[in-house]
Structures are given as C-alpha cells and as structure tokens.
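> Residue numbers (full-length UniProt numbering): 1 to 108. Glycine included, every Cβ here is placed at the ideal spot set by N, Cα and C. No experiment lies behind these values; they were computed from the predicted model shown. Take a look at the following structure, please.
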C-alpha cells in the first residue's frame with residue numbers, strides 16, 4: 001500500500017478498477033464468474049488506454065492496419081493454340097476400345 005501511495009522517483013501509478021463489484025471471489029469461483037470478470041477487466045483496461053493512455057505517451061500510437069500492397073495490373077496470357085484445337089479421333093462401337101487403360105488381360 002505504501003508503494004502505491006508514495007511511488008519511488010518519477011513513477012506514476014494509476015489504479016484501474018471496474019465500475020461495479022466483481023462476480024468472482026478469492027477462492028472457489030465458478031468459471032462463468034471468472035470469465036465475466038475477465039471481460040470486465042479487459043474492457044476497463046481498454047477504456048483506460050483509449051482515453052488516459054493516449055495522453056501519457058510521447059509517441060504516436062501504432063496502427064494495426066497494414067499498408068495496402070500495390071499490385072500491378074493482372075496480365076492475361078492467351079491460351080496456347082493447341083488447347084483450342086478439337087481432338088479428332090475415331091470412336092469404336094466396342095466400349096473397351098475407347099478406354100486407353102484397357103488391355104487384353106481385362107477380358108474374361
């Protein structure tokens with residue numbers, strides 16, 4: 001308590017506390033109560049940083065947004081002429097004749 005009331009040197013201490021009592025207790029708290037208090041604590045901390053915290057720093061705050069990457073315009077490569085040609089092949093009436101993996105071992 002003495003450290004908080006009389007901090008050494010140029011140290012400044014800010015006490016951040018929630019606007020309402022916490023749901024958890026020192027021992028035996030349930031997980032939902034702990035989660036609720038954790039959320040409230042984070043909210044209080046974020047509020048402090050967004051208000052008073054900005055005034056305490058000498059540097060500009062860091063931005064979380066990345067600088068957009070400039071990409072060149074997309075280049076369209078025309079398809080190869082072979083891809084547009086139609087395949088001309090004779091079609092046989094026998095179903096196994098059109099299967100390139102078929103061989104004589106497949107016959108019963």
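1) What's the gap between the Cα of residue 66 and the Cα of residue 60?
2) Which two residues bound the contiguous alpha helix (DSSP H) that contains residue 32?
3) Beta-carbon separation of residue 13 and residue 19 under 7 Å?
4) Suppose you measure from the CA of residue 39 to the CA of residue 58; what does that come to, to the nearest Å?
5) Distance check for residue 28 and residue 45, CA to CA, integer angstroms please.
6) In this structure, does DSSP put residue 28 in helix, strand or coil?
7) Taking the alpha-carbon positions, what's the residue 17 to residue 9 distance?
8) Rounded to the nearest angstrom, what separates residue 70 and residue 78 at their Cα positions?
Judging by the given coordinates:
1) The residue given as residue 66 occupies position 66 in the chain shown. The residue given as residue 60 occupies position 60 in the chain shown. Computed Cα separation, rounded: 16 Å.
2) On the chain shown, residue 32 is found 32 positions in, with the first residue counted as 1. That run of the alpha helix (DSSP H) goes 31-48.
3) One-based indexing of the chain shown puts residue 13 at position 13. One-based indexing of the chain shown puts residue 19 at position 19. Contact: no.
4) Numbered from 1 along the chain shown, position 39 holds the residue referred to as residue 39. Numbered from 1 along the chain shown, position 58 holds the residue referred to as residue 58. Going by the C-alpha atoms only, they are around 29 Å apart.
5) Translated into the one-based positions of the chain shown, residue 45 becomes position 45. Translated into the one-based positions of the chain shown, residue 28 becomes position 28. Approximately 25 Å, taken between the alpha carbons.
6) On the chain shown, residue 28 is found 28 positions in, with the first residue counted as 1. Residue 28: coil per DSSP, three-state reduction.
7) In the chain shown, counting from the first residue as 1, residue 17 sits at position 17. In the chain shown, counting from the first residue as 1, residue 9 sits at position 9. Residue 17 and residue 9: Cα-Cα distance of roughly 24 Å.
8) The count along the chain shown starts at 1 and reaches residue 70 at position 70. The count along the chain shown starts at 1 and reaches residue 78 at position 78. Cα to Cα, the separation comes out at about 24 Å.
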